[in-house]
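Undergrad:
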Amino acid sequence: MSCGSGTSVLSYLTVAGASPSESIAAAAEAGFEAVTLRAVPVGTRPDAVGRIPLDMGGAINSARVGVADIEFVDIHSDLEVARLEPVLEFGARVGARFVNTMCSDRDEERATDHLAALCRLAAPHGLTVALEFTSYTAVNSLHKAHRMVERLQDPAAVVVVDALHLARTGGTPNDVAELVRLRPDLYPIVHLCDAPRTLAEPTAEALAYEARSARLLPGEGGLPLVDLVRAMPAATQYVEVPSPAFAGMSYVDRARAAADALARIRDQAGRSSSHVVGQKQSARSGEVKG
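Residue numbers for the sequence shown follow this note's numbering, so the first one is 2 and each next one is one higher.
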């Protein structure tokens, strides 16, 4: 699918537990233009992608919801990049643009080599590797992620800016704006959520738990989301909000809450879009390859 300025994406973690078809249906009902799909279940090897039905074309095309990215690849020390071929084939089949990638390997040289190999494998499938930094992984800052991706000099590699990870690693929207001015091509994705400005006990365990399970909807915390949106005017906007507050809520209701929150942040940021998040769309870009 084509992603860019004004595109809204319902992230998998916002509707965690949903099947691909359920994610797509919830996104369509809430007015999102795309979803992310979890291609590699947490704690499994890459070939576990086979557990997800590959025949997703009908569900995606009937809902007119695209797939922005597939999740996720971990660059670890003993990664066998060739084993990721099923993941990339899945991404190509559903028409995804990005493969979300994190890095747990603290040897930067080796990690960069693996990242380069993944880019070479992904490019023929029409996929771009999107490297996400976090406070609790080896790539633990905006500037480190930028350095690794820029070093590759490969159009199949970009950086993901997640609002929570940016804050918890000490980064600011001004830092993002500076790098976007230098290399706008490296910053096509922003993940939006909210949280308290600081975490009382920022241990690795607490930071990981917050990121994976305890985020707030945009506008419910203290993160400078409006400034971040303004710093990345051309970025595709994902709403990624795994939250205990969603317990007992349907996937559609979660998606609607996420869409409404995004609309409010966009309004505050003075964003205009040809698509209005929070309302059903009659048509969306992105056809699945058969």
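Where is the CB? At the ideal position from N, CA and C, for every residue including glycine.
Can you tell which of Asp176, Asp108, Phe99, His192 has its C-alpha closest to the C-alpha of His126?
TA: Your numbering for residue 126 matches position 125 in the sequence shown. Per the Cα distances, Phe99.
Undergrad: Should Ser214 go down as buried or exposed, given a rule of 16 or more other Cβ atoms within 10 Å for buried?
TA: By 1-based counting over the sequence shown, the position of residue 214 is 213. Exposed: under 16 other Cβ atoms inside 10 Å.
Undergrad: Along the chain, where does the alpha helix (DSSP H) containing Gln269 start, and where does it finish?
TA: Against the sequence shown, residue 269 aligns to sequence position 268. Where Gln269 is concerned, the enclosing alpha helix (DSSP H) stretches over 252-270.
Undergrad: Considering just the uninterrupted stretch of the alpha helix (DSSP H) at Thr113, what are its terminal residues?
TA: The residue you call residue 113 lines up with position 112 of the sequence shown. Looking at the DSSP string, the run of the alpha helix (DSSP H) that includes Thr113 is 109-123.
Undergrad: Counting beta carbon pairs with one atom in the stretch 146-154 and one in the stretch 103-116, are three or more of them shorter than 8 angstroms?
TA: Touching, yes, given that three or more Cβ pairs across the two stretches are closer than 8 angstroms.
Undergrad: So is Glu34 buried or exposed if we call it buried at 16+ other beta carbons inside 10 Å?
TA: In the sequence shown, residue 34 corresponds to position 33, counting from 1. Its Cβ being crowded by 16 or more others within 10 Å, Glu34 is buried.
Undergrad: Buried or exposed for Ala83, going by 16 or more other Cβ atoms inside 10 Å?
TA: Sequence index remark: in the sequence shown, residue 83 carries index 82 (1-based). Classification of Ala83: exposed, given that the 10 Å Cβ count is below 16.
Undergrad: Rounding to the nearest angstrom, what Cα-Cα distance links Leu80 and Ala124 in this structure?
TA: Taking the first residue of the sequence shown as position 1, residue 80 is located at position 79. Taking the first residue of the sequence shown as position 1, residue 124 is located at position 123. Those two C-alpha atoms are separated by around 18 angstroms.
Undergrad: Which residue marks the beginning of the beta strand (DSSP E) containing Arg98, and which one marks its end?
TA: Translated into positions along the sequence shown, residue 98 becomes position 97. Neither: Arg98 is in no beta strand (DSSP E) and is coded neither H nor E.
Undergrad: Tyr210 to Pro203, Cα distance in whole Å?
TA: Against the sequence shown, residue 210 aligns to sequence position 209. Against the sequence shown, residue 203 aligns to sequence position 202. Straight-line Cα distance between these residues: approximately 10 angstroms.
Undergrad: Using a 10 Å radius around the Cβ and a threshold of 16 neighbouring Cβ atoms, would you call Gly96 buried or exposed?
TA: Taking the sequence shown and counting its residues from 1, the one referred to as residue 96 is at position 95. When all chains shown are included, Gly96 counts as buried.
Undergrad: Could you give the residue range of the alpha helix (DSSP H) that holds Ala29?
TA: For the purposes of this step, residue 29 is taken as the residue at position 28 of the sequence shown. Here the alpha helix (DSSP H) through Ala29 covers 21-31.
Undergrad: Just list the alpha helix (DSSP H) runs in the stretch 123-200, keeping only unbroken ones of 4 residues or longer that don't cross its boundaries, in chain order.
TA: 143-153, 164-169, 174-183, all fully within the stretch 123-200.
Undergrad: Counting only the same chain and skipping the five closest in sequence on each side, list residues whose C-beta sits under 7 angstroms from that of Ser136.
TA: Here residue 136 is taken as the residue at index 135 of the sequence shown, counted from 1. Excluding sequence neighbours, Ser136 sits near His166, Arg169, Thr170, Leu208.
Undergrad: CA-CA distance, Ala40 and Leu180?
TA: In the sequence shown, counting from the first residue as 1, residue 40 sits at position 39. In the sequence shown, counting from the first residue as 1, residue 180 sits at position 179. Near 30 angstroms, if we compare the C-alpha coordinates of Leu180 and Ala40.
Undergrad: Would Ser244 and Arg216 qualify as a contact pair, given that the criterion is a beta-carbon distance under 7 angstroms?
TA: The sequence position of residue 244 within the sequence shown is 243, counting from 1. The sequence position of residue 216 within the sequence shown is 215, counting from 1. Contact flag set, yes.
Undergrad: Distance, Cα to Cα, Leu14 vs Val253?
TA: Counting from one through the sequence shown, the residue named residue 14 turns up at place 13. Counting from one through the sequence shown, the residue named residue 253 turns up at place 252. Going from the Cα of Leu14 to the Cα of Val253 covers about 13 angstroms.
Undergrad: Excluding the 5 residues flanking Asp228 on each side, which residues of the same chain have their C-beta closer than 6 angstroms to its C-beta?
TA: For the purposes of this step, residue 228 is taken as residue 227 along the sequence shown, with counting starting at 1. Pro174.
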